[in-house]
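Student: Sequential numbering from 112 applies to the sequence shown in this note's numbering.
Positions of the beta carbon are idealized from the N, C-alpha and C atoms, including for glycine.
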Amino acid sequence: MIKKSTLLLIGLGLITVVAVLIAFGFFLNKLKPKEVVSHSHTVQTSHPAEHVESIQNNTVTINPEQLQSIGVTFAIVEKRAIEKEIRTVGYVEVDERKTASINIKVGGWIEKLMVNYTGEHVKKGEVLFTIYSPELVATEQEYLLALQAVKKLKNSKYQEVSHGATSLLDVTGQRLRLFDVAEDSIQELGQTGQVKKALPIHSPLSGTVIEKMALVGMQVNPGDKLYVIADLSSVWVLADIYEQDLPEVRVGQAGTIASSYFPNKVLLGKIDFISPTTDLQTRTTKARFEFDNQDELLKPGMYVSVNLKIPLRKRLVVPSDAVLESGERSIIFIYLGSGKLEWRNVKLGVKAGGWIEVLDGLKEGEKIVTSASFLIDSESQLKAAMGGMQH
Numbered sequence: 112m113i114k115k116s117t118l119l120l121i122g123l124g125l126i127t128v129v130a131v132l133i134a135f136g137f138f139l140n141k142l143k144p145k146e147v148v149s150h151s152h153t154v155q156t157s158h159p160a161e162h163v164e165s166i167q168n169n170t171v172t173i174n175p176e177q178l179q180s181i182g183v184t185f186a187i188v189e190k191r192a193i194e195k196e197i198r199t200v201g202y203v204e205v206d207e208r209k210t211a212s213i214n215i216k217v218g219g220w221i222e223k224l225m226v227n228y229t230g231e232h233v234k235k236g237e238v239l240f241t242i243y244s245p246e247l248v249a250t251e252q253e254y255l256l257a258l259q260a261v262k263k264l265k266n267s268k269y270q271e272v273s274h275g276a277t278s279l280l281d282v283t284g285q286r287l288r289l290f291d292v293a294e295d296s297i298q299e300l301g302q303t304g305q306v307k308k309a310l311p312i313h314s315p316l317s318g319t320v321i322e323k324m325a326l327v328g329m330q331v332n333p334g335d336k337l338y339v340i341a342d343l344s345s346v347w348v349l350a351d352i353y354e355q356d357l358p359e360v361r362v363g364q365a366g367t368i369a370s371s372y373f374p375n376k377v378l379l380g381k382i383d384f385i386s387p388t389t390d391l392q393t394r395t396t397k398a399r400f401e402f403d404n405q406d407e408l409l410k411p412g413m414y415v416s417v418n419l420k421i422p423l424r425k426r427l428v429v430p431s432d433a434v435l436e437s438g439e440r441s442i443i444f445i446y447l448g449s450g451k452l453e454w455r456n457v458k459l460g461v462k463a464g465g466w467i468e469v470l471d472g473l474k475e476g477e478k479i480v481t482s483a484s485f486l487i488d489s490e491s492q493l494k495a496a497m498g499g500m501q502h
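#1: If you follow the alpha helix (DSSP H) that Glu294 is part of, which residue opens it and which one closes it?
#2: Which runs of the beta strand (DSSP E), 3 residues or longer, sit entirely within the stretch 216-260?
#3: With Leu247 and Ala260 assumed to form a contact (beta carbons below 8 angstroms), what rounded beta-carbon distance in angstroms separates them?
#4: Alpha carbons only, please: which of Arg424, Ile445, Arg426 and Lys425 is nearest the one belonging to Val58?
#5: Would you mind working out which of Ser344, Val377, Lys420 and Arg426 sits nearest His232, comparing C-alpha positions?
#6: For Ile421, which residues from the same chain have a beta carbon less than 6 angstroms from its beta carbon, with the 5 sequence-adjacent residues on both sides left out?
#7: Decide if Phe384 is buried, meaning its Cβ has at least 16 other Cβ atoms within 10 Å, or exposed.
#8: Is it true that the stretch 204-220 meets the stretch 174-184, where meeting means three or more beta-carbon pairs spaced less than 8 angstroms apart?
#9: With distance defined between alpha-carbon atoms, name the residue in Arg424, Arg399 and Lys234 nearest to Thr199.
#10: Looking only at DSSP bridge pairs, what is Arg399 linked to?
#11: Any heavy atom of the ligand PLP closer than 7 angstroms to the Cβ of Arg191?
#12: Once the 5 residues before and after Leu349 are set aside, which same chain residues still bring their CB inside 7 angstroms of it?
#13: Taking 7 angstroms as the limit between beta carbons, can you name the residues of its chain near Lys216, skipping five residues before and five after?
#14: Provide the residue span of the alpha helix (DSSP H) that contains Leu357, from first to last.
#15: I believe Phe402 touches Leu423 by the beta-carbon criterion, under 8 angstroms. Please report the beta-carbon distance rounded to the nearest angstrom.
#16: Closer than 8 angstroms is the cut-off here; do at least three beta carbon pairs connect the stretch 458-477 with the stretch 423-432?
#17: Just to confirm before moving on: does the CB-CB distance between Ile242 and Val331 stay below 8 angstroms?
#18: In terms of residues, what are the limits of the beta strand (DSSP E) holding Glu322?
#19: Roughly how many whole angstroms lie between the Cα atoms of Ile221 and Ser371?
#20: Provide the residue span of the beta strand (DSSP E) that contains Leu178, from first to last.
#21: Taking the C-alpha atoms as reference points, what is the distance between Leu419 and Asp406?
#22: Give me, in chain order, the residues of the same chain whose beta-carbon lies closer than 6 angstroms to that of Glu299; leave out the 5 immediate sequence neighbours on both sides.
#23: So Ser273 and Leu264 are in contact, right, with Cβ under 8 angstroms, and what is the actual spacing, rounded?
#24: I'd like to check one pair, Val188 with Ile479: are the Cβ atoms closer than 8 angstroms?
#25: Would you say Thr388 and Phe185 are within 8 angstroms of each other, going by their C-beta atoms?
#26: Once you ignore the five residues that flank Pro411 on each side, which residues in its own chain have a CB closer than 8 angstroms to its CB?
#27: Would DSSP call Ser482 helix, strand or coil?
#28: Distance, Cα to Cα, Ile382 vs Gly363?
#29: Under 8 angstroms, do Leu310 and Lys235 count as touching if we go by C-beta distance?
#30: Specify the secondary structure class of Ser273 as computed by DSSP and reduced to three states.
#31: Is Asp471 helix, strand or coil when you go by DSSP?
#32: For the beta strand (DSSP E) containing Glu194, list its first residue and its last residue.
#33: So, are the CB atoms of Leu391 and Ile213 less than 8 angstroms apart?
#34: So, with DSSP's three-state summary, where would you put Arg70?
#35: Tell me Gly182's beta-bridge partners as DSSP assigns them.
#36: Could you tell me which residues DSSP puts in a beta bridge with Leu435?
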């Protein structure tokens, strides 16, 4: 007699074999390829899309009653003026036209500094520092001697002698002016007859000290740069414009900038210059904006976001949602009526404000599909059909 335990093991083994056979059969069924019949670019599958009835040539047919229920929307191909938006980055720079470099024109030693640190505000004519210069002192002495000679010889019966003294006075006075001695200082020298050991150097403009090299006791030589002063009441913003956007950018166009430094403000400026050269590495060209900066909110070196909105002439356009990208091609569906949609390859131009310019492939007045998401279910069918439309 066969033991019950043996029969139980045999039964379990048979059940396992049957289960494996069923699973293997199901797996083989899954591996069966879908049937694809291609005739005149007609594609069918064993599991057709829910809404697409057929795809033939370059036409998709959908049950018209289902178009509305699946959210299909339409638009008309039209000509309209669009506005192109360019977003880029830039940085704040001083206005070079309102910047002065203070370079000494005579050798000597700095005796006293009146402007002591970078960032200090100065006014036009304000004394920056004083300098002792043996050469300058000698020129002042020559000026006084020439002045005395003019006074003594002004009534000379020899006109040439009088003119010679006057010429010498003019020459020494001009030398003092070339050393940046102020006109009122020259007049004071003539009135008092006293040589000043220290020459005051004045600021040529009102602004902010952005560089300072001067130190008390420093020996300086002609040409040494001691200060750089910039008027920051207006500044430049240099923005990077990419090559594809450059044809639309013009001098005089308005733009706005924003920064995390002033999160609740947008500042308005205008392009006053476009660089004639392009950066080899970034492939960008600098567009220079001028901004009013009376409150000095914009700091030289600060990075900002730049936004340009450029009105364009009327162009043939479609909504951006109407375009389907398929590899290197752009496709738009035209509604022919009765549930028929025809797809076309189109050549696109400028993209701006939710619209895309169509350069070729469509005509004004044609009705197009602007929401083709319902075709996602039939993606494999479309790819197969479109493959036949490559040429």
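Tutor: On the basis of the data shown:
#1: Unbroken alpha helix (DSSP H) run through Glu294: Glu294 to Thr303.
#2: Taken in chain order, the complete beta strand (DSSP E) segments of 3 or more residues contained in the stretch 216-260 are 219-224 and 238-243.
#3: With a Cβ gap of about 20 angstroms, Leu247 and Ala260 do not count as contacting.
#4: Absent from the model: residue 58. The displayed extent of the chain is 112 to 502, so no value can be given.
#5: A check of alpha carbon separations from His232 across Ser344, Val377, Lys420 and Arg426 identifies Ser344 as the nearest.
#6: Same-chain partners within the cutoff: Lys195 and Glu359.
#7: Around the C-beta of Phe384, fewer than 16 other C-beta atoms lie within 10 Å, and the residue is accordingly described as exposed.
#8: These segments do not touch.
#9: Of the candidates Arg424, Arg399 and Lys234, the one whose C-alpha sits nearest the C-alpha of Thr199 is Arg399.
#10: Per DSSP, Leu349 and Phe384.
#11: Although the ligand PLP was asked about, the structure shown includes no ligands whatsoever.
#12: Closer than 7 angstroms at the Cβ level, and outside the excluded window around Leu349, lie Gly201, Tyr202, Glu204, Lys397 and Arg399.
#13: So the qualifying residues of the chain are Leu289, Phe290, Asp291 and Pro333.
#14: From DSSP, Leu357 is part of no alpha helix (DSSP H); its letter is neither H nor E.
#15: Not quite, the Cβ-Cβ distance comes to about 25 angstroms (not below 8 angstroms), so this is no contact.
#16: Contact between the stretch 458-477 and the stretch 423-432 is present, because at least three Cβ pairs lie under 8 angstroms.
#17: Taking 8 angstroms as the Cβ cut-off, Ile242 and Val331 qualify as a contacting pair.
#18: In this chain, the beta strand (DSSP E) harbouring Glu322 covers Gly318 to Lys323.
#19: Distance between the alpha carbons of Ile221 and Ser371 is about 42 angstroms.
#20: Annotation for Leu178: no beta strand (DSSP E) segment contains it, though the alpha helix (DSSP H) segment containing it runs Pro175 to Leu178.
#21: For Leu419 and Asp406, the distance between alpha carbons rounds to 24 angstroms.
#22: Contacts found: none.
#23: With a Cβ gap of about 5 angstroms, Ser273 and Leu264 count as contacting.
#24: At the C-beta level, Ile479 and Val188 come within 8 angstroms of one another.
#25: Cβ distance not < 8 angstroms, so Thr388 and Phe185 don't count as in contact.
#26: Within the same chain, Pro411 has close Cβ partners Val203, Glu204, Val205, Ile321, Ala341, Leu343 and Val346.
#27: Here Ser482 sits in coil by DSSP.
#28: Cα to Cα, Ile382 sits roughly 5 angstroms from Gly363.
#29: Against a cut-off of 8 angstroms, the Cβ pair of Lys235 and Leu310 comes out as no contact.
#30: Helix.
#31: Assignment of Asp471 by DSSP, reduced to helix, strand and coil, places it in the strand class.
#32: For Glu194, the enclosing beta strand (DSSP E) covers residues Glu189 to Val205.
#33: Contact: no.
#34: Residue 70 falls outside the range modelled here, since the chain spans only 112 to 502, and no answer is possible.
#35: In DSSP, Gly182 forms no bridge with anything.
#36: Looking at the DSSP assignment, Leu435 forms a beta bridge with Ile442.
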